[in-house]
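Counted from 1, the sequence shown has number 146 at position 151 by the working numbering; the numbering is strictly sequential. This report concerns only the one structure given below.
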Amino acid sequence: MNRRDFLHTLAATTAGTALVGWSGAASSVVTAAIRGVQLGVQSYSFRDLELAAAVDAMATLGIETCELWAGHVQRPNKEPATAEDFQQAKALFDKAGVAIHAFNGQFSPDATDEELARTFEFARALGVTLVTTSTKVSLARRIGPLARKADMVVAYHNHSRIGNDETATPDDFARAQELGGDAIKINLDIGHFVAANFDPVAFLEEHHADVLALHIKDRRRDQGDNVPFGEGDTPITEVLQLVREGGWPIQANIEYEYKGTDTVAEVRRCLDYCRKALES
């Protein structure tokens, strides 16, 4: 198998079909898929909780797969995190029966190649081969070769800010993939995409082979606010049902960002909304 074939296979499996064997939660993760769609959470949803409390909340809610936000492994004294810190984080997830399917890492345009490569070391310590990131489009030129060297895949995440080398538009995704090659894929945030006035359904129909994960949130068009699921313009139900009907190996991660009263209660509300969408 050549490198291109390897990365193509890796891209498909990291989206959720190869979760078996990644942690002690493997068998339960497979059965947790709803109508074939793996529904999980971005740990940023629990940003007001320390990591241990966030993991406990996931277990309480029956969440069995997660994208780990780097901020949950930051040291209180702001010293740089180490691979050992991430190994300890993985142990918490393993004990709770929650599988980490991706690491949401940070790539700074000002970082050296050695510093950029450290993100892949952290991902390896977590036992994952998929890194998601929100960074500059032009940085894909440097990230791509480093990802290939590490035998990993980086999925670019979009926000709704258009311009200034930000990842927001379909053309931005295409440019990142052009610069970084086959190690660069897509983590489509459907809420931000709608806020930037793009259609996630149409994008998925055309580009689903390159989309490894979704961030599920509800925003209004024209840079509108994050709102409770079902109150905005984001076609959450249509997107989830499209992934279901297509049989695409795309992880769907809830990212709770709107203003609510209680984090655990609001994430439960988001989960219920998505479950109903997939079961209907």
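All residues carry an ideal CB built from backbone N, CA and C; glycine is no exception.
{"Query": "Identified DSSP bridge partners for L63", "Result": "F98"}
{"Query": "Cβ-Cβ distance between G139 and G176 below 7 Å", "Result": "yes"}
{"Query": "CA-to-CA distance, V68 to F81, given in whole angstroms", "Result": "7 Å"}
{"Query": "Bridge partners - N182, DSSP secondary structure assignment", "Result": "H152 and A208"}
{"Query": "For L87 and A120, the rounded distance between their alpha carbons", "Result": "13 Å"}
{"Query": "Backbone secondary structure at T128 - three-state DSSP", "Result": "strand"}
{"Query": "Nearest-angstrom Cα separation, counted from D257 out to V234", "Result": "26 Å"}
{"Query": "Counterpart residues of G32 in DSSP-defined beta bridges", "Result": "For clarity, residue 32 is Val in the given sequence; the question names Gly instead. According to DSSP, which records beta bridges pairwise, V32 is partnered with I29."}
{"Query": "Contact belief for I249 with L266 at Cβ below 8 Å, rounded distance in angstroms", "Result": "6 Å"}
{"Query": "Burial state of D160 (16 or more Cβ within 10 Å)", "Result": "exposed"}
{"Query": "K271 versus L134: straight-line alpha-carbon distance, rounded", "Result": "39 Å"}
{"Query": "Backbone secondary structure at D177 - three-state DSSP", "Result": "helix"}
{"Query": "Residue from Q37, D205, D105 and A112 whose Cα sits closest to the Cα of K144", "Result": "A112"}
{"Query": "Helix, strand or coil at V68 according to DSSP, with G and I counted as helix", "Result": "helix"}
{"Query": "CA-to-CA distance, F168 to W17, given in whole angstroms", "Result": "For W17, the pLDDT reaches just 30, beneath the cut-off of 50, and the residue's location in the model is therefore unreliable, although a value from the coordinates is still provided. The alpha-carbon atoms of W17 and F168 are separated by roughly 28 Å."}
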